[in-house]
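Written below as structure tokens is the structure these notes are about.
Written out as structure tokens, the structure is:
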């Protein structure tokens, strides 16, 4: 191999050879011409001896080409060391073009990098756009689902709302809610039976009696439910006077009595459900005279029970006779003697508490005359002017609050007779309790409240009857006492005479003994009050008793 420093130069001749058109594009040298000088005798010439062994000639050519490649590679490396460039191996004749090619490559690389950066930014933008597009597609998909199933979703939503409304106005919810309210009373109270040993000789007219108006109602006075569960809770909350509005179940002879609320004229029953009166009587019998066992019964089983029947039966004798039959069926052993019946002359206000122990006393409105109830009802509040023996009246709370009401007359009446005070008359929708102080001051014995409606007035009432269902009136309001006659003027809201101030003070101080400051009831754990379904009474006509 020749020395690199003595590399021969190629000088042109007079005869310029034609351009080599058949030079292969591989890394092999072009075929030599007659005028091509020899390079260290390594390249083949036209005068090279021919051999008949083609394979040997091919091998020698390969060796020559390999040697030529080595020479060109060494030259390329030399130029790379001198000029800091590197020749491409793919073109052995591009040694002099290295610098320019390098610049082109750098420019090309710069363009490539810019393109990559641009592509990267574009890819990021495309990714962001893709995410936005995906989100839009998802939202669009949800919208399409909602649009396609709009009616179905609307129907499901409406059904859920209707179910919620039905639940909150369902019988189970309304009844259980009222029962839970009265459980609060029971947790606060410490009810015991009346002390018959020391006070048994006192007359009924000298006591206040814990009383419940519409004792089977679960809430509103119309468009609500009645239930015997409410009756049980009212009994357990101290009430011993229970008043019910009684209607015919239907028109005609097959009607049986039901507890409801509505209008007497036209016999309009405005409650969602009506409870058979027989079921009410069964509940009273099963619980009012049995000691409390944690679910059923009461804490004062020895005390008497007073049942008030506000009859809206339009003198239907078949229904009235059936009522009489049911009373004797369930309470025959607990009814008072015939001497205290509606037809006799005995004044029930004078009966002693000892005589009333464990008894059932029946009060009723007018309209039962000529039926079997005549021999069963003890007092009727609509016959006050017919005979002195029927000394009972039923008043609205608003009646005694009218300016100019004769309070002294009512006080005198209550010394010998009995008065029932109720919150409102038929036709009222909402529950209302009232301030009972005025009724207590007037000596009214049966001051009825709506136990299912909790408010401050009911709290004060429950506080009065915290330990017993019977509270003795002050002596100034009892029978035979006359020093309280001037307690009230014709205008109960003002005091005009000095002579009445002393008696008014004594009356006020006496009634304050029965009235204590309201106390917040303690909460208690609701018990599961479960009763069997009411028994539907038979429609067989009852014979007159």
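Numbering (the UniProt record's numbering), first residue to last: 1 to 545.
The C-beta atom is built at its ideal place from N, Cα and C for all residues, glycine as well.
- Boundaries of the alpha helix (DSSP H) harbouring residue 441: 437–441, taken from the DSSP string.
- Within its own chain, the residues whose Cβ lies closer than 6 Å to the Cβ of residue 395, once the five positions on either side in sequence are excluded, are 421, listed in chain order.
- Uninterrupted beta strand (DSSP E) stretches at least 3 residues long and entirely within the region 334–376 occur at 360–364, given in chain order.
- In the DSSP secondary-structure assignment, residue 311 is bridged to 246.
- Counting along the chain, the unbroken beta strand (DSSP E) around residue 258 starts and ends at 257–259.
- If the five residues before and after residue 446 are omitted, its C-beta is found closer than 6 Å to the C-beta atoms of 209, 211, 241 and 420, all from its own chain and listed in chain order.
- 309 is the residue among 415, 309 and 152 whose C-alpha sits nearest the C-alpha of residue 366.
- Going by DSSP, residue 458 is part of the alpha helix (DSSP H) stretching over 456–464.
- Taking all protein chains in view, the Cβ of residue 282 is crowded by 16 or more other Cβ atoms within 10 Å, so the residue is classified as buried.
- Taken in chain order, the complete alpha helix (DSSP H) segments of 4 or more residues contained in the region 282–328 number zero; there are none.
- In terms of Cβ geometry, residue 356 and residue 304 form a close pair [threshold 7 Å].
- Put simply, of 261, 280, 157 and 279 the residue whose alpha carbon is nearest the alpha carbon of residue 272 is 261.
- For residue 203, no beta strand (DSSP E) run applies, since DSSP gives it neither H nor E.
- Counting the other Cβ atoms within 10 Å of the Cβ of residue 154 gives fewer than 16, which makes it exposed.
- A direct Cα-Cα distance of roughly 18 Å separates residue 234 from residue 363.
- For residue 395, the enclosing beta strand (DSSP E) begins and ends at 392–396.
- The C-beta of residue 159 has fewer than 16 other C-beta atoms within 10 Å across all chains shown, which makes the residue exposed.
- When the beta-carbon positions are compared, residue 326 and residue 278 come within less than 7 Å of each other.
- Taking C-beta separations shorter than 6 Å and ignoring five residues to either side along the sequence, the partners of residue 330 in its chain run 281 and 285, following chain order.
- When C-alpha distances from residue 189 are compared across 453, 226, 371 and 459, the shortest belongs to 459.
- Note on geometry: alpha-carbon atoms of residue 404 and residue 205 lie some 26 Å from one another.
- Beta-bridge pairing by DSSP links residue 175 to no other residue.
- Separation of residue 246 and residue 149 (C-alpha to C-alpha, rounded to the nearest whole angstrom) is 51 Å.
- A distance of 7 Å or more separates the beta carbons of residue 259 and residue 313.
- By DSSP's assignment, residue 421 forms a beta bridge with 395 and 447.
- For residue 253, same chain residues with a beta-carbon under 6 Å away, outside a window of 5 residues either side, are 318 in chain order.
- Here residue 451 really is in contact with residue 239; their C-beta atoms are around 6 Å apart, less than 8 Å.
- Selection 177, 298, 416 and 456 evaluated against residue 203 yields 416 as nearest (Cα-Cα).
- The alpha-carbon separation between residue 477 and residue 195 amounts to approximately 21 Å.
- Bounds of the alpha helix (DSSP H) holding residue 411 are 407–416.
- For residue 230, the enclosing alpha helix (DSSP H) has its first and last residue at 228–236.
- With 16 or more other CB atoms across the displayed protein chains lying within 10 angstroms of its CB, residue 371 is buried.
- Membership of residue 470 in the beta strand (DSSP E) is indicated by the continuous run 470–472.
- The alpha-carbon separation between residue 179 and residue 230 amounts to approximately 6 Å.
- Beta-bridge analysis with DSSP links residue 275 to 259.
- Straight-line spacing of the CA atoms in residue 307 and residue 156 works out to 48 Å.
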